[in-house]
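Just below is one structure, and these are the notes that go with it.
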Amino acid sequence: MIKVNLEKIKNIAGEKVTLVAVTKNRDVNQLLELYRCGHLIFGENRVQELLSKKSLLPSDIEWHLIGHLQTNKVKSVLPHVSLIHSVDSLKLLKEINKEAAKLNKKINVLLQVFIASEETKFGLSEDELNEIVNSNFSSIFPSINLCGLMGMASNTEDKEKVKNEFKFLNGLFNNIKAKNTFPHFKILSMGMSNDFQDAVQCGSNMIRVGSALFE
Ligand SMILES: *Cc1c(COP(=O)(O)O)cnc(C)c1O
820 MIKVNLEKIK NIAGEKVTLV AVTKNRDVNQ LLELYRCGHL IFGENRVQEL LSKKSLLPSD
880 IEWHLIGHLQ TNKVKSVLPH VSLIHSVDSL KLLKEINKEA AKLNKKINVL LQVFIASEET
940 KFGLSEDELN EIVNSNFSSI FPSINLCGLM GMASNTEDKE KVKNEFKFLN GLFNNIKAKN
1000 TFPHFKILSM GMSNDFQDAV QCGSNMIRVG SALFE
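Numbers 820 to 1034, taken from the numbering used here, label the letters of the sequence shown in order.
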């Protein structure tokens, strides 16, 4: 029997926090078990895996793309996702806008900000973020709903460091939100299995949890 820790994680996170069940590398039966428990928001980090799983599962599931997206895959994934967490360059934003316009669709995105001190993680710098949010966004990107920010903290045991990174992102989020220029700007996606409790304490309202769901 497959066991999932859905209720446990939801209880710890609290009802104001949206849980994205990260299902990368999980087989379809594990996803179905989550679905049977009533969960409908699934996150995948690769386009091909998302598309093939989506084709096998019920159509009321909401799919989020959480991993790095290459511009040449934008077109194939757009019709299938309700939120892209991982927009990490201006070039990608432009491509999403262009393909969304062809579909006559508005695409919900989060801008991924680099907050860790590791070289391997993707994301915009604070300057790059500011350049985007201070641009004439709605006329440059008419097919994009800017819904918030996403970030990944350093992979370290040092809780203070992790919390400082989350607080930094929360500060950027609140500053942009306070400007009231983006009507959809409501989501702060931060926190994974190892750090979601700290993330929620630091203002996260959307957590992306994989391994802790299935352990
Ligand atoms: C894998 C992944 C997660 C979930 O990680 P866990 O440690 O398994 O909870 C969250 N966000 C992104 C972007 C991921 O790639």
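Note that the Cβ used here is the ideal one computed from N, Cα and C, for glycine as well.
Nothing here was measured: the structure is a model prediction, and the numbers come from that model.
Residue i - DSSP class collapsed to helix/strand/coil
i: T1000; result: coil
i: G1029; result: coil
i: E852; result: helix
i: F861; result: strand
i: F985; result: helix
i: I934; result: coil
i: N964; result: strand
i: S905; result: strand
i: V1019; result: helix
i: N974; result: coil
Residue i: CB within 7 Å of a non-hydrogen atom of ligand 1
i: V794; result: This structure does not reach residue 794, given that the chain is present from 820 up to 1034, and the question cannot be answered.
i: N974; result: no
i: K843; result: yes
i: A1031; result: yes
i: G833; result: no
i: I828; result: no
i: N864; result: yes
i: I1006; result: no
i: S1012; result: yes
i: R1027; result: yes
i: I1040; result: The requested residue 1040 does not occur in the structure, where the chain is confined to residues 820 to 1034.
Contact check, residue i vs residue j, beta carbons under 8 Å
i: S901; j: H883; result: yes
i: A920; j: L897; result: no
i: M1025; j: S1012; result: no
i: H858; j: L911; result: no
i: N989; j: G1022; result: yes
i: L929; j: C966; result: yes
i: A777; j: F861; result: Summary: the structure shown does not reach residue 777, with the chain confined to residues 820 through 1034, and so no result is reported for it.
i: S905; j: L888; result: yes
i: G1010; j: K843; result: no
i: N974; j: E1034; result: no
i: K917; j: H899; result: no
i: V823; j: L851; result: no
i: I934; j: F987; result: yes
Beta-carbon separation (whole angstroms), residue i vs residue j, contact threshold 8 Å
i: L948; j: V932; result: 6 Å
Distance cut-off 7 Å: residue i Cβ against heavy atoms of ligand 2
i: M971; result: Judged by which ligands are present, ligand 2 is missing from the structure shown, whose ligands are ligand 1.
Inter-residue Cα distance where the pair is residue i and residue j
i: I951; j: D907; result: 11 Å
i: S958; j: N964; result: 12 Å
i: L875; j: N999; result: 40 Å
i: I821; j: P961; result: 44 Å
i: Q1016; j: K827; result: 12 Å
i: T939; j: V893; result: 22 Å
i: K925; j: F956; result: 14 Å
i: N797; j: N891; result: Nothing about residue 797 can be read from this structure; the chain reaches only from 820 to 1034.
i: M971; j: I885; result: 11 Å
i: N830; j: N848; result: 24 Å
i: S954; j: N927; result: 18 Å
i: K1005; j: E979; result: 26 Å
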